[in-house]
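The next block holds one structure in the form of structure tokens; read it before the comments.
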Amino acid sequence: SVEVVDPRTIHPLDTETITDSVKKTGRCVVVHEAPRTAGMAGEITARINEDAFLYLEAPVERVTGYDVPVPFFAREDDYVPDEERIAEGIRKTVEF
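Under the working numbering, the first residue of the sequence shown carries the number 103, and numbering increases by one thereafter.
Written as structure tokens, this is what we have:
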């Protein structure tokens with residue numbers, strides 16, 4: 103089963119809900135549209151490592167935009183994480 107947590111805001115970040123989910127499932131896949139480097143997924147991963155590291159059964163997986171400038175509208179669908187990339191991130195975490 104998969105649990106989806108949508109924090110809605112990044113400040114304040116609902117760290118408690120995120121870590122409770124990790125404690126329950128033992129895994130985490132963070133998805134966002136921003137570039138991988140310096141994106142919110144890194145901060146969420148850091149918080150999980152601080153608060154729930156011993157509950158993890160697999161490394162936190164990040165599914166993000168690419169580390170390139172965001173393309174104009176015509177190419178945006180190639181940049182934003184799609185269902186296939188998200189499913190692959192989930193598979194990678196489950197099969198770890």
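Glycine included, C-beta positions come from ideal geometry on N, C-alpha and C. From a predicted model like this one, the values you see are computed outputs, not experimental measurements.
When DSSP states are grouped into helix, strand and coil, Thr127 belongs to the helix group. DSSP places Gly191 outside any beta strand (DSSP E); the residue lies instead in the alpha helix (DSSP H), whose first and last residues are 185 to 196. Here the alpha carbon of Ala189 sits roughly 23 Å from the alpha carbon of Asn151. Around the beta carbon of Ile120, a 10 Å sphere encloses 16 or more other beta carbons of the protein chains shown; the residue is thus reported as buried.
Cβ-Cβ separation between Val124 and Tyr168: approximately 26 Å, too far for a contact (criterion under 8 Å). Residues Thr117 of the same chain have their beta carbon placed closer than 6 Å to that of Arg149, with the five preceding and five following residues left out of the count.
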